[in-house]
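Under my numbering, the first residue of the sequence shown is numbered 2, with each subsequent residue one higher.
Glycine included, C-beta positions come from ideal geometry on N, C-alpha and C.
Following: one structure in structure tokens, then a few remarks.
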Amino acid sequence: MDHYEYTELLKTLTIKMQNVTDVVRPQDINNRLSEIEALENSDGFWNDAAAAGVIQKEKTQLERRLAKYSKTFHTLGDAVDLYDMAKEEGDEETIESLFADAGALENNVKSMEVEVLLSGEHDSHNAIVTIHPGAGGTESQDWASMLLRMYTRWAERHDFTVEILDYQAGEEAGIKDAALLIKGVNVYGYLKNENGIHRLVRISPYDSAAKRHTSFTSVMVSPELDDDIDIEIEDRDIRIDTYRASGAGGQHVNKTESAIRITHIPSGIVVQCQNDRSQHKNKATAFKMLKSRLYELEMEKKQAAVDGIEKSENGWGHQIRSYVLAPYQQVKDTRSGIPY
Numbered sequence: 002m003d004h005y006e007y008t009e010l011l012k013t014l015t016i017k018m019q020n021v022t023d024v025v026r027p028q029d030i031n032n033r034l035s036e037i038e039a040l041e042n043s044d045g046f047w048n049d050a051a052a053a054g055v056i057q058k059e060k061t062q063l064e065r066r067l068a069k070y071s072k073t074f075h076t077l078g079d080a081v082d083l084y085d086m087a088k089e090e091g092d093e094e095t096i097e098s099l100f101a102d103a104g105a106l107e108n109n110v111k112s113m114e115v116e117v118l119l120s121g122e123h124d125s126h127n128a129i130v131t132i133h134p135g136a137g138g139t140e141s142q143d144w145a146s147m148l149l150r151m152y153t154r155w156a157e158r159h160d161f162t163v164e165i166l167d168y169q170a171g172e173e174a175g176i177k178d179a180a181l182l183i184k185g186v187n188v189y190g191y192l193k194n195e196n197g198i199h200r201l202v203r204i205s206p207y208d209s210a211a212k213r214h215t216s217f218t219s220v221m222v223s224p225e226l227d228d229d230i231d232i233e234i235e236d237r238d239i240r241i242d243t244y245r246a247s248g249a250g251g252q253h254v255n256k257t258e259s260a261i262r263i264t265h266i267p268s269g270i271v272v273q274c275q276n277d278r279s280q281h282k283n284k285a286t287a288f289k290m291l292k293s294r295l296y297e298l299e300m301e302k303k304q305a306a307v308d309g310i311e312k313s314e315n316g317w318g319h320q321i322r323s324y325v326l327a328p329y330q331q332v333k334d335t336r337s338g339i340p341y
């Protein structure tokens, strides 16, 4: 990197940081934090534990965002000032050090830009990811298990926590259904655009004739909702079934119907949970999953009314992304048309 490239980089990053500042509005965050501090000191604030918990969560998110913004803003400002000073004094050692740190500085600003992009109403929430194979039989069930592994590894690379809520193994291979809760900062914001049908084209290892097969799997992503979001579910609208959990667990799994399946009759939504040995805990988790799915469904209906989009089917022509492994290798997002 030379002086011209570094100068242009600083100009670009300064413009980007100004745009970030316009969106983040650090003064507004400080004002809100002052309001929260006043609330915490008011009489009776801590009497309502649920409400206080919601406020505390908001406070934590605001403090984290402000701290990240302040660090990036001051780091960039210090780099600009130090570079100007080093040029005036002819300090080549400092200039070379700034050149070496240019990549990290650029990444910090880019990270802050992503933070701004993930500023939707529920982007900061945890995400519930449900994976369901569609047309294709065993091949689709295997494809569903590949997607489950993909999202799990993605979460681990980002230091997010993964909790398996439901896992139904396929008869020959793969999975019939799976649901997982991914916990971390902005998880839902990162994953919300994974909603839709994922298509795989490959030479099937389950076909003795080694023919090319096309498989489909639906991925549904919904935010884990806070308790303060009220979604009314009538008892007459749901059916609750219990069954024996599959997988490890010894006699408890074999003899106790601890797994819960809840069917929401009006919408046709079905949620399942078997991650705990306690039926009551599984039921509570399943209701949370149902609330999240119903909320997401309502948001989709509102957006579809605006965009004029109909609900996708789990099959041909409705995929959001295609993964082609044969006769060539390519991943293509059908929404943007960009191949990888």
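Burial state of Trp-47 is exposed, judged by a 10 Å Cβ sphere holding fewer than 16 other Cβ atoms. A distance below 8 Å separates the beta carbons of Ala-179 and Ala-145. Pro-267 sits exposed, since fewer than 16 C-beta atoms from the chains shown fall within 10 Å of its C-beta. Ile-56 places its beta carbon less than 8 Å from that of Leu-40.
In this structure, DSSP gives Arg-262 an extended state, which the three-state scheme calls strand. When the Cα atoms are used, Glu-9 and Arg-26 turn out to be separated by approximately 26 Å. The three-state secondary structure of Arg-33, taken from DSSP, is helix. The C-alpha of Asp-227 is placed about 14 Å away from the C-alpha of Gln-62. By the CB criterion at 8 Å, Tyr-296 and Ser-219 fall outside the cutoff. Following the DSSP letters along the chain, one finds Glu-64 inside the alpha helix (DSSP H) bounded by residues 50 to 90. In the displayed model, Met-2 falls within coil according to three-state DSSP, outside both helix and strand.
Here Val-222 carries a strand assignment [DSSP, helix/strand/coil].
Annotated as distal: Leu-192 and Tyr-84, with beta-carbon spacing of 8 Å or more.
By alpha-carbon distance to Leu-118, the top candidate from Asp-167, Asn-194, Thr-335 is Asn-194. For Val-202, the enclosing beta strand (DSSP E) begins and ends at 197 to 204. Ser-120 is classed as exposed because its beta carbon has fewer than 16 other beta carbons within 10 Å across all chains shown. Here Arg-237 carries a helix assignment [DSSP, helix/strand/coil]. Distances from the CA of Gly-138 to each of Thr-215, Thr-95, Gln-320 were compared; the closest alpha carbon is that of Thr-215.
By a beta-carbon distance limit of 8 Å, Asp-124 contacts Tyr-189. Their separation comes to about 6 Å.
Sequence-distant Cβ neighbours of Leu-298 in its own chain, meaning closer than 8 Å and more than five residues away, are Ser-268, Ile-270.
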